[in-house]
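Notes follow the structure.
In our numbering, the protein residues as written are 69 to 758.
This is the structure in structure tokens:
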């Protein structure tokens, strides 16, 4: 089984893209296919080998929309004949205008010739599609409509419709390209070269040539090209292009720094910690590009709808002509009205409107430091009515500090701290970080004879000649410790050395700044219930829950118990359930929830890999922001569908009644497409939540 990715050239018809995707999927060698119309990318998964895959793919594309070409990724391609096309179009339009003042016996011949000059490309593509048994294409419908006008002797109108159609197509493509560039520009944060230190000095190298452990320089005003650790210099960096955070970040020797940050002031020397493919920005950009492959149910539905819609309106157009004619009405009148109906029936506005809205929504989120792994999660967030939070690192800062040391029978507090330090040295738990920041002891890995960590419970360590234990009260009681201190505080860790109980240490944590207004915003955005799951003691969990105004909390839960409790909540909740965690030890819950949201920060690789949605700057306002973007995207999708259907149905009705003609029909068809495109672009001005 292999997966291949191709670039797409000249694909400008959204409706045709769905047909091409369906035809490729029908190949016996293909197991799955995703054609991303907006990003112009095709991903095909083959379950068996295929001969000349590009040749076969291009044959399919050409049979549906002539001129479409698939190329190997990053291959160069030049579109042929573009200049000649516009020259012939302008010449034909001019001849059609001048033709009105020529003698009547010349007007028909010159009118037909001018029509062929402006319509030859559309007619040729329509013929190719017809030979390939692709009848209901936009070019075929336009050809039938304008040839019908020629039969009626309306040469100027037939040619004008083709000119307006070509201009409209060009405007549509420019508008869609504008949306592409608007989003791509938000994400243009990846440099191409780095200043590499070598024996002779500095030399500019492409990022692919830089290896882990190399040292590079980053000058003021430049973007950091690769992840690394600052070995010399200090500066402030602008992280907004990745995290959405406007406030500059101070960095100095020993600070970890990430590709895509902008160095504001000082010269920095950075020791590279990963290759280009491993860098944080590469992973983020890949996730954004791949988001198009996880399509929302609405996108899938509109694709199926378009397949039924186009043949249906063609049939109706035929009946519009046939039935009145059989009833004795003038055939020429109803033939023209059926042509108007045909022109308006093109489904491009419908097919473009939904993926474009989701594409822009994902891009806006990325600009604000929010990574969505597919448009499907924008839909899920709109349906979320319950949000479940982990406590430490999510609702609270997670930066625990030792509050007080309690020793047994006046024991040595340094011995207690050293025991905890040795046990927690290899752990990444917030308790471990707090102990290591408060006690600077010596740790010799050669003395470690055995180490066992029990998540959510404790650690047992054989270090040199000593047997050390650190953990919760229940963990120590299970190991025979009976007389334990029980101070009236919420969070403590106990310690034992060589079967002698030493005492315990209490920790303090604070509520994360900005989390309370973020929770209030969630309520305004339709979230009905907020729940906290915590491994902390009930007293501490109750304090945090009361301070933040949460609806429910569950305390003293082990990791597996958190997952079980989340399962209960999902089974009983109305609507979808989102889980918000720090991405470190919450992977099972993030995976089980309808939407897993990680607030792990940009440097947290675990959060980027495991969650459905990643908040890169770890700020609470991003949480409300992603819900706001989801709801705004949903509104625009509904607006676009309503605009496209209502206007098309209205013009169809006007055409059947004889009020609108071919000119109005083509203007309406192009206008609707432009309208939904620019309505989607309005989302770029969505304000941030306060």
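Cβ atoms here follow ideal geometry from the backbone N, Cα and C, with glycine treated the same way.
These numbers come from a predicted model, not from an experiment.
Practice task
Consult DSSP for residue 589 and reduce its assignment to one of helix, strand or coil.
Solution key: Taking the chain shown and counting its residues from 1, one reaches residue 589 at position 521. In the structure shown, residue 589 sits in a helix (DSSP, three-state: H, G or I).
Exercise for the section: Leaving out five residues on either side along the sequence, give the residues of the same chain with a beta carbon under 6 Å from the beta carbon of residue 145. Expected result: Position 77 of the chain shown, counting from 1, holds the residue named residue 145. Because residue 145 carries a pLDDT of 47, less than 50, the predicted location of this residue cannot be relied on, and the following value inherits that uncertainty. If the five residues before and after residue 145 are omitted, its C-beta is found closer than 6 Å to the C-beta atoms of 77 and 139, all from its own chain and listed in chain order.
Exercise for the section: Enumerate in chain order the residues of its own chain whose CB-to-CB distance from residue 545 is below 8 Å, with the five nearest sequence positions on each side excluded. Expected result: As a first step, residue 545 is located in the chain shown; it is residue number 477 there, counting from the start. Hits under 8 Å: 552.
Handout entry: Beta carbon of residue 325 nearer than 8 Å to that of residue 338
Key = Position 257 of the chain shown, counted from the start, is the residue given in the question as residue 325. Position 270 of the chain shown, counted from the start, is the residue given in the question as residue 338. Contact check for residue 325 against residue 338 passes: the beta carbons are separated by less than 8 Å.
Practice task
Determine the DSSP secondary structure at residue 491, reduced to helix, strand or coil.
Solution key: Along the chain shown, read from residue 1 onward, the residue named residue 491 stands at position 423. In the structure shown, residue 491 adopts helical secondary structure according to DSSP, grouped into three states.
Handout entry: Any beta strand (DSSP E) of 3 or more consecutive residues that is wholly inside the segment 560-631
Key = Fully enclosed beta strand (DSSP E) runs of 3 or longer: 560-565, 568-576, 597-601 and 620-622.
Exercise for the section: Using the DSSP secondary-structure output, state which residues sit across from residue 300 in a beta bridge. Expected result: The sequence position of residue 300 within the chain shown is 232, counting from 1. Bridge pairing for residue 300: 337 [DSSP].
Practice task
For residue 691, I'd like the list of residues in its chain whose CB is within less than 6 Å of its CB, leaving aside the five on either flank, ordered along the chain.
Solution key: To locate residue 691, count along the chain shown from 1; it is residue 623. Same-chain partners within the cutoff: 586.
Problem - Cα-Cα separation, residue 550 to residue 535 - result: Here residue 550 is taken as the residue at index 482 of the chain shown, counted from 1. Here residue 535 is taken as the residue at index 467 of the chain shown, counted from 1. Straight-line Cα distance between these residues: approximately 18 Å.
Problem - residue 84 in three-state terms, based on DSSP - result: In the chain shown, the residue the question calls residue 84 occupies position 16. Residue 84 falls in the helix class under three-state DSSP.
Handout entry: DSSP three-state assignment for residue 269, whether helix, strand or coil
Key = Looking up residue 269 in the chain shown gives position 201. Strand at residue 269.
Practice task
Identify, in the order they occur along the chain, each residue of the same chain with its Cβ nearer than 6 Å to the Cβ of residue 191, setting aside the five sequence neighbours on each side.
Solution key: On the chain shown, residue 191 is found 123 positions in, with the first residue counted as 1. Excluding positions up to five away in sequence, the list reads 211.
Exercise for the section: Name the one or two DSSP bridge partners that residue 472 has. Expected result: For this step, residue 472 is matched to residue 404 along the chain shown. Answer by DSSP bridge pairing, in chain order: 574.
Handout entry: Beta-bridge partners of residue 343, as assigned by DSSP
Key = Taking the chain shown and counting its residues from 1, the one referred to as residue 343 is at position 275. DSSP output for residue 343 lists no bridge partner at all.
Handout entry: For residue 380 and residue 237, the rounded distance between their alpha carbons
Key = Numbered from its first residue, the chain shown carries residue 237 at position 169. Numbered from its first residue, the chain shown carries residue 380 at position 312. If you draw a straight line from the Cα of residue 237 to the Cα of residue 380, it comes to about 23 Å.
Problem - Residue range of the unbroken beta strand (DSSP E) whose run includes residue 685 - result: As a working mapping, residue 685 is identified with position 617 in the chain shown. For residue 685, there is no enclosing beta strand (DSSP E), since its DSSP letter is neither H nor E.
Practice task
Alpha carbon to alpha carbon, how far is residue 303 from residue 285? Give it in angstroms, no decimals.
Solution key: Position 217 of the chain shown, counted from the start, is the residue given in the question as residue 285. Position 235 of the chain shown, counted from the start, is the residue given in the question as residue 303. Cα to Cα, the separation comes out at about 13 Å.
Handout entry: Sufficient close CB pairs (3 or more, under 8 Å) joining the segment 448-458 to the segment 593-607
Key = Because the criterion of three Cβ pairs below 8 Å is met, the segment 448-458 and the segment 593-607 touch.
Problem - Whole-angstrom C-beta distance between residue 575 and residue 663, which should lie under 8 Å - result: The residue you call residue 663 lines up with position 595 of the chain shown. The residue you call residue 575 lines up with position 507 of the chain shown. The Cβ separation is near 31 Å, so there is no contact.
Handout entry: Whether residue 167 touches residue 187 by CB criterion (8 Å)
Key = On the chain shown, position 99 is the one that residue 167 refers to. On the chain shown, position 119 is the one that residue 187 refers to. Against a cut-off of 8 Å, the Cβ pair of residue 187 and residue 167 comes out as no contact.
Exercise for the section: Give the DSSP-derived three-state secondary structure of residue 138 in the structure shown. Expected result: Taking the chain shown and counting its residues from 1, the one referred to as residue 138 is at position 70. In this structure, residue 138 counts as strand in the three-state DSSP scheme.
Exercise for the section: Over the uninterrupted beta strand (DSSP E) stretch that includes residue 644, give me the two end residues. Expected result: For the purposes of this step, residue 644 is taken as residue 576 along the chain shown, with counting starting at 1. First-last of the beta strand (DSSP E) with residue 644: 644-649.
Problem - N- and C-terminal bounds of the beta strand (DSSP E) containing residue 77 - result: Within the chain shown, residue 77 is the residue found at index 9, counting from 1. Element bounds for residue 77: 70-77.
Handout entry: residue 468 at chain D interface by Cβ criterion, 8 Å
Key = The structure shown contains no chain D, having only a single protein chain.
Exercise for the section: Measure the alpha-carbon distance for residue 736 versus residue 711 and round it to whole angstroms. Expected result: Your numbering for residue 736 matches position 668 in the chain shown. Your numbering for residue 711 matches position 643 in the chain shown. Whole-angstrom Cα-Cα distance: 11 Å.
Exercise for the section: Select from 650, 649, 621 and 627 the residue whose C-alpha is nearest the C-alpha of residue 637. Expected result: Residue mapping note: residue 637 aligns to position 569 of the chain shown, counting from 1. Selected option, being the one with the closest Cα: 621.
Practice task
Check whether the Cβ atoms of residue 388 and residue 413 sit closer than 8 Å, and answer yes or no.
Solution key: Numbered from 1 along the chain shown, position 320 holds the residue referred to as residue 388. Numbered from 1 along the chain shown, position 345 holds the residue referred to as residue 413. With a cutoff of 8 Å on beta-carbon distance, residue 388 and residue 413 are scored as not near each other.
Practice task
Check each candidate in 347, 158, 297 and 348 and name the one with the smallest Cα separation from residue 323.
Solution key: Residue numbering aside, residue 323 sits at position 255 when the chain shown is read from its first letter. It is 297.
Practice task
Report the rounded CA-to-CA distance for residue 492 versus residue 301, giving the unit in angstroms.
Solution key: The count along the chain shown starts at 1 and reaches residue 492 at position 424. The count along the chain shown starts at 1 and reaches residue 301 at position 233. Using only the alpha carbons, I get a separation of about 32 Å.
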